[in-house]
Each structure stands twice: as structure tokens, then as C-alpha cells.
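Participant:
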Amino acid sequence: MSFPLMTEPLSNRPIQTAPAESGDHLKPHLQSVQPTLKKNKRINPLFMTLTAVIGVLAILSVQLWLNLSVSSGAYEINELVYQQRELSRSERALKLDVNMLASPQNLATEATALGMVQNSQPAYLKLAESAIAGSIVQSTSQPKANLVNNSALKDLQSGGVVNSDKKASDDKKKQETKPENSVKPVKNVAVKNQKSGVVAENDSSQPIAWKGKLAAPTTR
Amino acid sequence: MSSTHSRGRRATFSLVVFTLVAVLLGAKLFQIQVVQAAELNEVSKDKRAVPVSIPSPRGDVVDRNNIILATTEERYDVQLSPKNTRVRDGVFYRFSETNNNEMVAVTAEEAYEEIGLVTGQSGAEIKQIVDEALAVDEKSDFAYVKRSIDLEQLNELKKLNIPWLSFDYNFQRIYPNGAVAGNLIGFSGYDETPLAGVELSQDQCLQGVDGYETYERGADGVALPGSNVIAKKAEAGGTVELTIDADLQWQSQQIVNERVAALGADWVRAVIMDVKTGELLAVAEDGSVDPGDIDSSEASKREARAYVDPYEPGSTFKTITTASLLDSGVATPHTPYETPWTYSPDPNVRFSDWFQHDYENWTLAGIMTFSSNVGTAMLGTQLDAQTRYDYMRKFGFGESTNTGMPLEDAGLLYKAEDWDLQTSYNVTFGQGLSSTIIQTAGAYQAIANAGVRIPPSLVKGCVGSDGVRSEIDHGEPIKVISERAAAETIAVLETAVEESWAKDVLNIPGYRVAGKTGTSEQPDGQGGYKEEYVHSFAGIFPADDPQYVIVSSIDSPAVYATGTAEAIKIVKDLAEITIRAMNVAPSEGAPKLYPLYY
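The listed protein sequences correspond, in order, to chains U and B.
For what it's worth, the numbering used here labels the leading residue of the first sequence as 120, then goes sequentially.
For what it's worth, the numbering used here labels the leading residue of the second sequence as 25, then goes sequentially.
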């Protein structure tokens with residue numbers, strides 16, 4: 120352990136031994152350092168103050184920014200929660216409307232208006248036995264008008280003044296734009312019926328009862 | 025030296041003062057933070073946090089295919105502040121609809137008109153509401169404009185940006201399918217108190233648990249954003265699942281409503297039951313209540329009469345007597361009996377058939393086909409009264425069904441020891457006792473299901489808001505008769521249809537139907553019987569592989585003669601809709617018919 124000491128320069132030796140001789144010898148060393156420190160501080164007060172002030176300002180502005188962003192986030196969340204509530208409300212209302220429209224009373228009324236009849240006695244094809252189960256001569260029956268009350272449906276159809284107003288205006292628009300798109304099939308029916316000698320009642324507002332063979336495209 | 029001394033004193037003094045202040049502050053801190061903490065928290069909470077109740081929506085009632093029969097929907101109340109309508113001479117400003125940067129002045133009168141357009145009131149009506157409220161109290165801050173508007177109307181009103189208009193929401197019960205199964209679902213009173221049907225019997229499942237939340241408000245009373253704390257979540261009510269098929273139910277009600285009007289009958293009822301499960305697919309009654317509009321239905325028809333109004337079943341009950349005879353081995357379908365048209369086994373006892381005839385050499389199958397009271401009574405009473413009573417109980421007569429309705433009548437069945445001589449004979453052909461149409465369907469279900477009666481059910485179960493399902497116990501299946509006796513009974517019933525005029529009415533090409541007619545007298549409440557009859561038909565189909573039991577009853581049709589044929593026709597119509605709705609495959613094989621004569 121003593122070998123490294125042996126390699127040190129001689130000039131260091133007195134300093135190493137000095138504390139062992141007397142404490143007074145240390146004072147000059149310490150005192151000589153102080154003046155240089157004071158000299159440095161004399162230049163620094165303004166700088167230090169500025170640094171401190173800037174530091175504090177920086178901290179404050181970061182804090183302010185954090186506060187603002189947190190609270191604006193809270194407003195945003197609030198807005199989104201509100202929006203979500205509104206949307207789920209309208210989703211529920213629309214689902215309920217679908218339920219009412221899907222009620223048997225409404226379906227029956229709509230189907231009857233379209234001129235649909237019901238197959239009262241269905242027959243079945245048995246694929247495994249290549250046989251027909253049931254009678255192939257089918258009877259259809261005219262559905263009867265609805266006899267089961269549904270007050271919910273009444274609400275839906277009158278659905279507030281706004282709703283029916285909208286419907287009315289939508290219907291108007293449809294009627295106005297109708298001739299262009301829907302006149303073609305009507306014409307075809309009229310022509311075919313004239314050929315077979317049947318006078319077609321060309322009332323475009325009513326569903327047209329199909330008579331004769333179903334039209335098939337001619338493919339070659 | 026003196027300066028050092030005084031400096032020491034000053035330091036000591038400062039130290040003492042500082043310590044004293046620190047101790048005082050510490051003590052106060054301790055008092056506030058620990059001693060008074062709970063009390064102060066409570067006081068401050070009331071000042072800052074405002075508790076709000078979160079109402080829980082009532083659960084849904086759905087059919088077997090999850091079609092919603094009853095649900096709860098938000099509806100909105102429109103309110104205004106009467107005193108604020110007069111602020112600034114009744115003029116307020118809002119952004120123009122055409123130009124968003126421009127403010128336009130709107131008078132209260134104009135606003136009334138705008139509101140009225142949405143709510144369906146006139147401007148004058150709304151003005152009257154405001155005037156009346158201010159006449160009572162000139163500082164009035166609250167009045168309803170309109171209650172229970174829907175979402176579309178609410179959104180239209182919000183767009184008007186009227187500062188003194190506000191909204192609140194509440195829950196309203198909605199029945200999207202109206203009177204479809206209305207007799208079973210039941211209805212609620214004005215304060216949403218359930219009064220009848222499943223709404224009443226399953227109230228515990230349907231009811232939710234209200235929650236509450238708190239929010240903090242600033243000095244101006246405005247809620248602080250993000251301060252909402254849900255202290256207790258609202259739990260929505262559970263969903264009640266019915267065994268009913270909404271489509272079948274509607275079609276059945278259509279048929280029943282049409283028939284009751286056409287026949288001028290007091291009432292018409294019909295039931296479709298699944299043989300394998302005992303589940304009721306349709307319970308139709310004429311003029312069933314529309315729970316969404318109770319006032320539109322007759323008060324006497326608001327209850328589920330199929331459950332609470334038993335009647336004497338009459339000849340459809342002969343099937344029970346036949347099944348008991350076949351099961352106990354006392355008789356076979358071929359058992360002969362030389363049947364007179366009227367008979368008096370004891371001096372004070374007499375019963376007769378519905379038509380006069382000579383002595384007929386009928387078998388049991390013949391007696392059933394001609395629906396002979398005399399034959400049924402004479403063969404039936406070969407079993408002692410107690411045994412017959414026991415069979416009846418096993419078939420479900422004399423005890424309440426437990427399908428899931430609030431009230432289910434047990435019908436009237438006296439104990440065997442209480443039967444007088446006439447009653448002992450009468451019960452064999454379904455008089456002197458009563459049953460609901462549900463009980464009759466249940467008894468036929470046992471025969472159709474190889475002798476095992478599965479108690480009828482209407483409510484399948486309850487699915488809680490947490491998704492946990494709880495089934496309802498309707499009772500244990502009961503082995504009533506042997507499989508052989510059940511098969512023989514069905515064959516007897518098929519013979520009764522095939523060998524009689526009923527065949528022409530009941531004709532469904534490809535399908536075999538077994539069944540029994542019934543025309544029964546009804547008590548007049550004074551110890552005698554009324555002039556009018558209840559006509560019924562109870563059918564099992566397809567007879568080769570029983571899947572459905574259908575029972576119909578018509579009370580007091582205007583024309584007596586066609587009553588029973590009309591009851592058969594209802595069963596035919598119901599069988600046809602069941603075939604379509606449930607995709608029932610046609611029957612196979614030819615019916616095995618018993619001889620009617622020996």
C-alpha cells in the first residue's frame with residue numbers, strides 16, 4: 120500500500136504531513152479560497168435573481184398549462200358524456216319505433232294494402248323421399264282487417280305534429296320526383312295488358328295487381 | 025457582554041413565541057382534521073355536493089322469440105318559468121336561424137306559438153298556463169306546459185333556444201304490440217302501480233333498484249363539470265320471458281274477435297299449448313285490453329278471463345272419463361254398452377242424451393263419437409267415485425294452475441265423498457264441476473304427451489339486469505295414465521272426429537286431428553241451469569305425432585244449432601295458423617279407427 124505514495128512528487132509531501140504538525144497551518148489555505156468565491160458572487164446576484172424569477176415563472180406557467188388542459192379535458196368529457204346520452208336516447212327511441220312498426224297489426228295492415236294474400240294450407244317437399252307432403256292444391260285466404268287494438272301504433276303514426284308534417288312533405292317530394300323513375304314499369308304493364316285485351320287502370324298511386332305470366336328477361 | 029446577553033434573551037423569547045404559535049396551530053389543525061373531521065365533512069358536503077336520485081327503468085316483458093311486449097321508455101315533461109317570461113318586457117334574444125352571427129328578438133307570445141306547434145297546443149293555451157300560474161303567485165318559477173312528449177318533440181323544442189323553457193324526464197310504460205297478449209301482460213295504474221297480469225305477478229322481477237349520484241355546484245348554483253359521482257348505480261329491472269308466441273297470439277285474437285262479433289256470443293276463448301313442454305303459445309280472449317289504452321276496453325274484459333272465469337266443461341270432459349276407464353283396465357275402446365237415450369238408475373236421478381234414439385249397440389268409441397251422456401255415465405261409474413276423483417285431480421282439475429299469472433282459479437271440484445248420486449253421474453260427462461280453459465288444455469296435454477302431464481306454463485323465467493336467469497317452478501310432471509291408455513284415448517278421439525260430421529268442418533288436408541266436442545249447460549247462480557250453452561272443442565294435432573293441444577269455447581252464441589260447429593271451426597283456424605307459424609309437418613299414415621257398434 121505504501122508503494123503508490125513513493126511515486127508521488129516531492130512537492131506534495133509537506134501538505135500531506137501538514138495536518139499532523141499543526142491546525143494553524145490550514146487557515147491560510149482556507150482563507151485564500153474565500154476571496155475568490157466572493158469575487159465570483161459579486162458578478163452573479165442579478166443573474167441568480169433572474170434565474171430564480173424565470174424558474175418560478177416557468178413552474179407557474181407549466182402549472183397553469185396543466186390546470187387548463189386538465190379542466191378543458193373535463194369540459195370535453197362532460198360534452199362527450201352529454202352527446203353519448205343524447206345518442207343512446209335516440210337509439211332507444213328508434214328501436215322502439217322499429218318494434219312498433221314490426222307489430223303484427225302494422226305488418227298486417229301494410230301487407231293487406233300491398234294486396235298480399237296468405238297461403239292457408241302449405242305443402243312440404245320431402246327431399247329424402249322425393250315426395251310432396253300435404254296437398255299441392257293450395258288455397259289462399261284474404262287476410263282480415265286488424266281487429267286487435269294497438270294504441271302505440273296510433274302514437275307512432277301521428278307521432279307528434281313534426282313527424283307527420285315531415286312525412287307529408289317527404290311524400291310531396293316523392294310525388295314530385297316520381298314520374299321520371301317509376302313510369303317505366305307502369306307503362307310496360309299497361310302495354311302487356313292491352314295486348315291481352317285487358318284494360319289497365321293506370322292509377323299510379325295504387326299498387327298494380329299483376330295478371331298473366333311473370334315477366335322473364337330474354338337471355339341468349 | 026450585555027449585547028450578547030440581550031441577543032440570547034431575544035432568541036429565547038422568539039423561540040417560546042414561535043413554539044407557542046406552532047403548538048396552537050397544531051392543536052387547531054388536530055381539532056379540524058381529526059376531532060371535527062366527520063362533522064365538518066358532512067356540513068361541507070351538503071353545501072357543495074347535491075344528491076340526485078337516478079330512477080331505474082322497469083324491465084321488459086318479451087315473448088318466446090324475444091319480441092318486446094312491454095317496455096319502458098323515457099318521456100319528457102316541458103316546463104317553464106312563468107316569472108321569467110315577463111323579464112325584459114317579455115322579450116329575449118337568440119341567434120337567427122338564417123344568419124348565425126345575428127341576434128333576433130323574440131317576444132313571449134311568439135315563443136308560445138312556436139312551442140304550441142310542437143306540443144300540439146295553441147299559443148293562447150300556453151299563455152293561459154303562464155297567466156294562471158302568475159295569478160296564483162307572481163313570483164312563480166314553475167309550471168308544466170305539456171307532459172310526456174317524445175324525443176322528437178323534445179329535440180324540436182330544444183332547438184327553439186327559449187331561455188325560460190326547461191325539460192325533465194320520466195319513465196313511461198310502452199306496449200309496442202298493443203292488445204296482443206294484453207290480457208296476459210296486464211296493466212298499470214296512473215302511478216305505474218301494476219294492477220293485473222304478468223305486470224303484477226312478476227313485479228318483483230320487473231322492478232329495478234333506484235340509484236343516486238351527487239354533483240358539486242359553484243356559488244352560482246351551476247354544476248361543476250366532472251364533479252358527478254355516482255354513489256349508487258341504478259339497477260334496471262329484469263326481463264320476464266313468456267312462453268307466448270306474439271304472432272300466434274295476435275292471429276288467435278284476430279280469429280276470436282272476429283268470431284265473437286259474427287256469432288253474437290257473450291265471449292269466445294281459445295288456447296294453443298305445446299304438448300311436449302306444457303307451454304302456452306296463445307291464450308286468446310275476445311276484446312282483450314290494450315294496456316297502453318285501458319279505457320278503450322270494456323271493464324269486464326280487462327282481466328285474463330281464461331284464468332279467473334271457470335265454466336262447466338261438458339262433453340270435452342268425457343275424454344277424462346274414457347282415459348280413466350282405459351288406464352284402469354275397466355274398459356277398452358271396444359267395450360259394449362246397449363245405450364238408451366235417457367236413463368234413471370235411481371228414483372231421483374235422471375240423465376239424457378242430447379238427441380232421442382233407440383237402444384244403440386255402441387262401443388265405448390261409439391259412445392264418444394255420438395257423445396252419449398247415458399253411455400259415458402253408465403260406463404264411467406263402473407269406476408268407484410274416489411278413483412275417478414283421483415284421476416281428475418291427477419289431470420289437474422280442482423287445483424290452481426301455476427303458470428305465472430297473479431290469480432289462477434282452481435275451478436270447482438267437490439270431493440268424491442261430497443258427490444250426491446246425480447253429481448256422481450254428472451261429473452262423468454263434465455257437468456257438476458267447473459274448470460278454466462287452461463285446465464282443460466292441460467288435461468288434454470297429458471293425454472297427448474303419452475300420459476305425462478307437464479304443468480302448464482306462461483312465464484318461463486326472469487333474466488335479471490346482471491344476466492342471471494331464474495326459472496319459475498310450475499310444478500313437477502305427473503304420470504297420469506299409461507302410454508297405452510294415452511294412445512288408445514287419442515285413437516278414440518280421432519275416431520270421434522273421423523266418424524262424425526266434425527270431420528267436414530275440421531278438414532285440414534294432410535293433417536290428422538283428434539278431438540272432442542262439448543256443449544255444456546251453465547249454472548244460473550240460483551241452483552239451476554241457464555238456457556244458453558258453452559260450446560267447446562278440444563283438439564290434439566297431428567294425431568299421429570301429437571305436438572299441439574288447441575281448445576276453443578264459445579259462450580251463448582245467438583244461434584244454438586251452429587255453436588259447436590263454430591267451436592270446431594275456431595280450432596281448425598288455429599291449427600292452420602299453428603301449422604304455418606311452427607312449420608308443422610303433415611301427418612303420416614292412415615288413422616286407426618275403432619268400430620262404433622258391436
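All residues carry an ideal CB built from backbone N, CA and C; glycine is no exception.
Computed from a predicted structure; not experimentally measured.
Among the residues of its own chain, which have a CB less than 7 Å from the CB of residue 188/B, if the five just before and after it don't count?
Facilitator: Excluding sequence neighbours, residue 188/B sits near 104, 105, 108, 109.
Participant: In terms of residue numbering, what span does the alpha helix (DSSP H) encompassing residue 590/B cover?
Facilitator: Counting along the chain, the alpha helix (DSSP H) containing residue 590/B begins and ends at 587-606.
Participant: Fully enclosed by the segment 387-430 of chain B, which alpha helix (DSSP H) runs are 4 residues long or longer?
Facilitator: List check, alpha helix (DSSP H) in window: 388-393, 397-404, 409-418.
Participant: Between the Cα of residue 178/B and the Cα atoms of 357/B, 142/B, 163/B, 61/B, which residue gives the shortest distance?
Facilitator: Closest by alpha carbon: 142/B.
Participant: Taking residue 366/B as part of the alpha helix (DSSP H), name the residues at either end of that continuous run.
Facilitator: Unbroken run through residue 366/B is the beta strand (DSSP E), 366-370; no alpha helix (DSSP H).
Participant: Just list the residues that DSSP pairs residue 362/B with in beta bridges.
Facilitator: Paired residue(s): 385/B.
Participant: Identify the residues that DSSP records as bridge partners of residue 518/B: which are they?
Facilitator: In DSSP, residue 518/B forms no bridge with anything.
Participant: Answer with yes or no whether the minimum CB distance from residue 154/B to chain U is below 8 Å.
Facilitator: No, residue 154/B lies away from the interface with chain U (no Cβ there is under 8 Å from its Cβ).
Participant: Please say whether residue 251/U and residue 394/U have beta carbons closer to each other than 8 Å?
Facilitator: The first residue shown for chain U is 120 and the last is 339, placing residue 394/U beyond what the model contains.
Participant: I need the straight-line Cα distance from residue 231/B to residue 492/B, nearest angstrom please.
Facilitator: Whole-angstrom Cα-Cα distance: 15 Å.
Participant: Return the CA-CA distance between residue 269/U and residue 416/B, expressed in angstroms with no decimal places.
Facilitator: When rounded, the distance between both Cα atoms is 40 Å.
Participant: Can you check DSSP and say which residues form a bridge with residue 307/B?
Facilitator: Paired residues: 295/B.
Participant: Give the residues of chain A in contact with residue 235/U, contact being defined as C-beta atoms less than 9 Å apart.
Facilitator: The question asks about chain A, but that chain is absent: this structure's protein chains are U and B.
Participant: Alpha carbon to alpha carbon, what distance is there between residue 299/B and residue 342/B?
Facilitator: If you take the alpha carbons of residue 342/B and residue 299/B, they lie about 20 Å apart.
Participant: Any residues in the segment 87-98 of chain B with a beta carbon nearer than 9 Å to a beta carbon of chain U? Which ones, in chain order?
Facilitator: Within the segment 87-98 of chain B, the residues whose Cβ lies closer than 9 Å to some Cβ of chain U are 91, 92, 95, 97, 98, listed in chain order.
Participant: Which residues bound the alpha helix (DSSP H) around residue 244/U?
Facilitator: Unbroken run through residue 244/U is the beta strand (DSSP E), 243-245; no alpha helix (DSSP H).
Participant: Under 8 Å between beta-carbons, which chain U residues line up against residue 532/B? List them in chain order, please.
Facilitator: The answer, in chain order, is 240.
Participant: Answer yes or no: do residue 259/B and residue 494/B have a C-beta to C-beta separation smaller than 8 Å?
Facilitator: Not a contact, by the Cβ cut-off of 8 Å.
Participant: For residue 327/B, count neighbouring C-beta atoms within 10 Å of its own C-beta (all shown protein chains included) and say buried if the count is 16 or more, exposed if not.
Facilitator: Result: buried.
Participant: My assumption, with CB atoms under 8 Å, is that residue 383/B sits in contact with residue 360/B. Please give the rounded CB distance.
Facilitator: Wrong, their Cβ atoms sit about 12 Å apart, outside the cutoff.
Participant: With a floor of 3 residues, list each beta strand (DSSP E) that falls wholly inside the segment 48-93 of chain B, ordered by position along the chain.
Facilitator: Correct list: 73-78.
Participant: List, in chain order, every chain B residue whose beta-carbon is nearer than 7 Å to that of residue 269/U.
Facilitator: Residues of chain B passing the Cβ test: 201, 202, 203, 314.
Participant: Is the shortest distance between the beta-carbon of residue 269/B and the beta-carbons of chain U less than 8 Å?
Facilitator: With 8 Å as the cut-off, residue 269/B does not count as an interface residue toward chain U.
Participant: Identify the contact partners of residue 207/B in chain U, using a Cβ-Cβ distance below 9 Å as the criterion.
Facilitator: Under the 9 Å cutoff, chain U gives no residues; its nearest Cβ is about 11 Å from residue 207/B.
Participant: Taking the continuous beta strand (DSSP E) assigned at residue 171/B, which residues delimit it?
Facilitator: Segment 167-173, the beta strand (DSSP E) holding residue 171/B.
Participant: Pairs of beta-carbons, one from the segment 183-201 of chain B and one from the segment 456-463 of chain B, closer than 8 Å: are there three or more?
Facilitator: Counting Cβ pairs under 8 Å, fewer than three are found: no touch.
Participant: Buried or exposed for residue 366/B, going by 16 or more other Cβ atoms inside 10 Å?
Facilitator: Classification for residue 366/B: exposed.
Participant: For residue 449/B, count neighbouring C-beta atoms within 10 Å of its own C-beta (all shown protein chains included) and say buried if the count is 16 or more, exposed if not.
Facilitator: Buried, by the Cβ-count rule.
Participant: Specify, as a first and last residue, the run of the beta strand (DSSP E) that residue 576/B falls within.
Facilitator: Note, residue 576/B: beta strand (DSSP E), 572-579.
Participant: What residue range does the beta strand (DSSP E) around residue 194/B cover?
Facilitator: Per DSSP, residue 194/B belongs to the beta strand (DSSP E) from 189-198.
Participant: Run through chain U and tell me which residues come within less than 8 Å of residue 137/B, C-beta to C-beta.
Facilitator: Those do not exist, as residue 137/B stays about 13 Å from chain U at its closest Cβ, beyond 8 Å.
Participant: Excluding five sequence neighbours on each side, which residues of the same chain lie with their C-beta closer than 8 Å to the C-beta of residue 30/B?
Facilitator: Correct list: empty, nothing qualifies.
Participant: At least one CB of chain U closer than 8 Å to the CB of residue 281/B: is that the case?
Facilitator: So yes, residue 281/B belongs to the interface.
Participant: Pull up the distance between the alpha-carbon of residue 622/B and that of residue 520/B, whole angstroms please.
Facilitator: Whole-angstrom Cα-Cα distance: 16 Å.
Participant: Give a yes or no on contact between the segment 301-308 of chain B and the segment 468-480 of chain B, applying the rule of three or more CB pairs nearer than 8 Å.
Facilitator: The segment 301-308 of chain B, when compared against the segment 468-480 of chain B, does touch it at the 8 Å Cβ threshold.
Participant: Alpha carbons only, please: which of 466/B, 614/B, 102/B is nearest the one belonging to residue 14/B?
Facilitator: In the structure as shown, chain B begins at 25 and stops at 622. Residue 14/B is therefore absent and cannot be evaluated.
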